[in-house]
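K.L.:
Those letters in the sequence shown? Residues -23 to -1, 1 to 287, by mature numbering (1 follows the signal peptide of the UniProt record, and there is no 0). Beta carbons are placed, not taken as given, at the ideal position from N, Cα and C, and that holds for glycine. Given the structure is predicted, the values throughout are model-derived calculations rather than measurements.
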Amino acid sequence: MRSINTLLVATGMSLAISQSVFSQTANPNEVVITGVRFAYPLVEKWIGDYKAANPQAQIRIETRTVTDPAKYDLLIEAYEQEKEVKETREYISIARYALFPIANAKSAFAKAYVEKGLNEKTYKQIFFHDIYAEKDKTLDTPYTVYTRLQKAGAPITFAKYFGYEQKDIKGKTIAGADEHLIKALLKDETGITYTIPGLAFDLTTRKPAEGIALIPVDLDGNGRISKEEKSLENLDQVLASVDNDKIKNVPIEYIHLSIDRHNANPEAKKFLLWVAENAQKDLQQFGYLKPDPKRLQEEKQKIERFAAVK
């Protein structure tokens, strides 16, 4: 009898613990966000503003490592997803990001190419394994390319723009996030890589981050680097210079925020709608370009219809 009673008590305690854990994880006000790490500072700003207006909300970022967390509500991505994935989620294009070549400010490469700049031919020769690419015989300055090891938005976008795949980017591959490319570059006086403005610039001073030299590129595709194209000392001016459809040699892609189409957290729906309505004012501060207004409006209307379904 004692054994049966003990078993009943233990079972009751186990059920109570399970119910407690379930109630914590099933909190309808909790929203977990994960995805591309370079967007976290911007998303943290949105979370803070949203919670100021909705104190009951519990929204947090769970950092992506080699894989995504087992459970999350919203996913931030910096490249176009495969068709099979897109069919299971609702998307909104919240911002655009640009990619620029940078070098260790102490490098001989930086000293030479802040004046010479990169045209499409030199770009391909420096960053890609391509035996057929036209060679620039004046390229004799030593450099070491750093790139991402894992599949990620920035290298996919960078390679795709020039007609390649991520695997075609040459150089030393670095595990981790885009921030780790910057750390590797700062430790190597021959280092060069590609990155977003939010990592290349100090967001407070709007000047290039310490130790980093931005390399100018041939923005109009005329084969020469003009005085205006060399003007890379102010983040806001740089963003303005690439914010049009005719720009060359600057890969630009959307950041997407998405939600599961079939099992969506109601608070996550509310937050997604709030972002669609309020996020635009923060983009330039964090080094991003605004999305196409028509595209944003169409996607916002889709999210509104989706959110209205109970």
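Whole-angstrom Cβ separation of Asp195 and Asn226, contact assumed at under 8 angstroms?
P.N.:
Locating residue 195 in the sequence shown gives position 218, where the first residue counts as 1. Locating residue 226 in the sequence shown gives position 249, where the first residue counts as 1. That belief holds up - the Cβ atoms of Asp195 and Asn226 are roughly 5 angstroms apart, short of 8 angstroms.
K.L.:
Shortest alpha-carbon distance to Ile192 belongs to which of Thr182, Glu205, Gln143?
P.N.:
The residue you call residue 192 lines up with position 215 of the sequence shown. If we check each option's Cα against that of Ile192, Glu205 comes out closest.
K.L.:
Look at the Cβ atom of residue 297, then the Cβ atom of Tyr123, and state whether they are nearer than 8 angstroms.
P.N.:
For residue 297 there is no data in the structure shown, the boundaries of the chain being -23 and 287.
K.L.:
If we ignore side chains and look at the alpha-carbon of each, how far apart do Ile146 and Lys93 end up?
P.N.:
The sequence position of residue 146 within the sequence shown is 169, counting from 1. The sequence position of residue 93 within the sequence shown is 116, counting from 1. Their Cα atoms are separated by approximately 22 angstroms.
K.L.:
Check whether the Cβ atoms of Arg73 and Tyr231 sit closer than 8 angstroms, and answer yes or no.
P.N.:
Here the question's residue 73 lines up with position 96 in the sequence shown. Here the question's residue 231 lines up with position 254 in the sequence shown. Contact: yes.
K.L.:
Once the 5 residues before and after Glu281 are set aside, which same chain residues still bring their CB inside 6 angstroms of it?
P.N.:
One-based indexing of the sequence shown puts residue 281 at position 304. Cβ neighbours of Glu281 beyond the five flanking positions: none.
K.L.:
Please report the straight-line C-alpha distance between Thr99 and Phe248, rounded to a whole angstrom.
P.N.:
Locating residue 99 in the sequence shown gives position 122, where the first residue counts as 1. Locating residue 248 in the sequence shown gives position 271, where the first residue counts as 1. Their Cα atoms are separated by approximately 44 angstroms.
K.L.:
Could you spell out the range, first to last residue, of the beta strand (DSSP E) harbouring Thr170?
P.N.:
In the sequence shown, the residue the question calls residue 170 occupies position 193. It spans 168 to 172 - the beta strand (DSSP E) in which Thr170 sits, taken as one unbroken run.
K.L.:
Taking DSSP's pairing of strands, which residues face Phe283 in a bridge?
P.N.:
As a first step, residue 283 must be located in the sequence shown, where it is residue number 306. Bridge partners of Phe283: none, in fact.
K.L.:
Would you decide whether Gln1 is buried or exposed? Buried here means 16 or more other CB atoms lie within 10 Å of its CB.
P.N.:
Working through the sequence shown from its first residue, we reach residue 1 at position 24. Below a pLDDT of 50, predicted positions are generally treated as unreliable, and Gln1, at 39, falls in that range; no measurement from the model is reported.
K.L.:
What residue range is occupied by the uninterrupted alpha helix (DSSP H) comprising Ser218?
P.N.:
Residue numbering aside, residue 218 sits at position 241 when the sequence shown is read from its first letter. Run containing Ser218: 212 to 219, per the alpha helix (DSSP H) assignment.
K.L.:
Can you have a look at Gly12 and say buried or exposed, based on whether 16 or more other CB atoms are within 10 angstroms of its CB?
P.N.:
Your numbering for residue 12 matches position 35 in the sequence shown. By the neighbour-count rule (16 or more Cβ atoms within 10 Å), Gly12 is buried.
K.L.:
In whole angstroms, what separates the C-alpha of Tyr120 from that of Asp165?
P.N.:
The residue labelled residue 120 in the question sits at position 143 within the sequence shown. The residue labelled residue 165 in the question sits at position 188 within the sequence shown. Spanning the two alpha carbons is a distance of roughly 9 angstroms.
K.L.:
What three-state label does DSSP hand Gln261 in the structure shown?
P.N.:
Translated into positions along the sequence shown, residue 261 becomes position 284. Gln261: helix per DSSP, three-state reduction.
K.L.:
What first and last residue would you give for the beta strand (DSSP E) that runs through Thr35?
P.N.:
Residue numbering aside, residue 35 sits at position 58 when the sequence shown is read from its first letter. It is Gln, not Thr, that sits at residue 35 in the sequence shown. Looking at the DSSP string, the run of the beta strand (DSSP E) that includes Gln35 is 35 to 38.
K.L.:
If you reduce the DSSP assignment to three classes, tell me which class His233 lands in.
P.N.:
Mapped onto the sequence shown, residue 233 falls at position 256. The answer is strand: DSSP assigns His233 an E or B state.
K.L.:
What is the DSSP secondary structure of Leu273, reduced to helix, strand or coil?
P.N.:
As a working mapping, residue 273 is identified with position 296 in the sequence shown. It is helical.
K.L.:
If we require 4 or more residues per run, which alpha helix (DSSP H) segments fall completely within the segment 63 to 136?
P.N.:
Counting only runs of 4 or more, we get 85 to 93, 97 to 104.
K.L.:
If you draw a straight line from the C-alpha of Lys112 to the C-alpha of Gln143, how long is it?
P.N.:
For this step, residue 112 is matched to residue 135 along the sequence shown. For this step, residue 143 is matched to residue 166 along the sequence shown. About 21 angstroms.
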